[in-house]
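Engineer:
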Amino acid sequence: MLVFHTLMPIYDKSSKVLILGSIPSVKSREVGFYYGHPRNRFWSTLAKVYNEEILDSKDAKINFLLKHHIALFDVLKSCEIESSSDSSIKNPVPNDLSEILNNSNIKVIFTTGNKAYSLYQKYLYPKTKIKAIPLPSTSPANAKAGIEDILFNEYSKIKDYTD
Numbered sequence: 012m013l014v015f016h017t018l019m020p021i022y023d024k025s026s027k028v029l030i031l032g033s034i035p036s037v038k039s040r041e042v043g044f045y046y047g048h049p050r051n052r053f054w055s056t057l058a059k060v061y062n063e064e065i066l067d068s069k070d071a072k073i074n075f076l077l078k079h080h081i082a083l084f085d086v087l088k089s090c091e092i093e094s095s096s097d098s099s100i101k102n103p104v105p106n107d108l109s110e111i112l113n114n115s116n117i118k119v120i121f122t123t124g125n126k127a128y129s130l131y132q133k134y135l136y137p138k139t140k141i142k143a144i145p146l147p148s149t150s151p152a153n154a155k156a157g158i159e160d161i162l163f164n165e166y167s168k169i170k171d172y173t174d
């Protein structure tokens, strides 16, 4: 199925870190916000990293990101994808990051999951020349043993750039 990215990037002029996923999942598109699946651990992991309460609303999540100088967007503008399976992505069309990069203070880019990283490296790194640091996927599909500790440890790297 051909899918188009419909979510606006979240950032402001003080954003220092850009986190990129691949493309919003079916559930994220349904709820109209990033990492919208109730079992996705993106928001709970970030809240834990910054020792904050669970982020339970769209406004709380946006305020959290801006407070901690984090921008959020995705690598792809459109692609063919089966359900929410990154491994099925075909015919990817990358997003243009110039608006975010020209109107913020981004120093580093993190990607959530291997597919987002490989897509960033192939389509966007040649334009941005900003090194990306891959993070593990927070998707419910990534349910291997010990993932909660791994996610916390890996996502804690973000704080090195925002504090």
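For what it's worth, the working numbering labels the leading residue of the sequence shown as 12, then goes sequentially.
Yeah, the Cβ is synthetic: ideal placement off N, Cα and C, and Gly gets one too.
Can the beta-carbon of PRO35 be found less than 7 Å from the beta-carbon of ILE111?
Structural biologist: Against a cut-off of 7 Å, the Cβ pair of ILE111 and PRO35 comes out as no contact.
Engineer: When you compare the CB positions of ARG52 and THR149, do they come within less than 7 Å of one another, or not?
Structural biologist: Contact flag set, yes.
Engineer: Can at least three beta-carbon pairs, one atom from the stretch 156 to 166 and one from the stretch 62 to 73, be found at a separation below 8 Å?
Structural biologist: No, they do not touch.
Engineer: Here's the rule: buried if 16 or more other CB atoms are within 10 angstroms of the residue's CB, otherwise exposed. What is GLY47?
Structural biologist: Label assigned to GLY47: buried.
Engineer: For LEU77, which residues from the same chain have a beta carbon less than 7 Å from its beta carbon, with the 5 sequence-adjacent residues on both sides left out?
Structural biologist: ASP23, listed in sequence order.
Engineer: Give me the residue from SER26, LEU29 and THR56 with the minimum Cα distance to GLU159.
Structural biologist: For the residues SER26, LEU29 and THR56, the minimum Cα distance to GLU159 belongs to THR56.
Engineer: Grab me the residues of LEU135's own chain with a C-beta within less than 7 Å of its C-beta, minus the 5 sequence neighbours each way, in chain order.
Structural biologist: Closer than 7 Å at Cβ, skipping near neighbours: VAL86, PRO105 and LEU108.
Engineer: In chain order, what are the residue ranges of uninterrupted beta strand (DSSP E) at least 3 long that sit wholly in the stretch 57 to 123?
Structural biologist: With a minimum length of 3 residues, the continuous beta strand (DSSP E) runs that stay inside the stretch 57 to 123 are 81 to 85, 87 to 91, 101 to 105 and 119 to 123.
Engineer: Hey, would you say ILE141 sits closer than 7 Å to ILE120, going by beta carbons?
Structural biologist: Yes, the pair counts as a contact, with Cβ atoms nearer than the cut-off.
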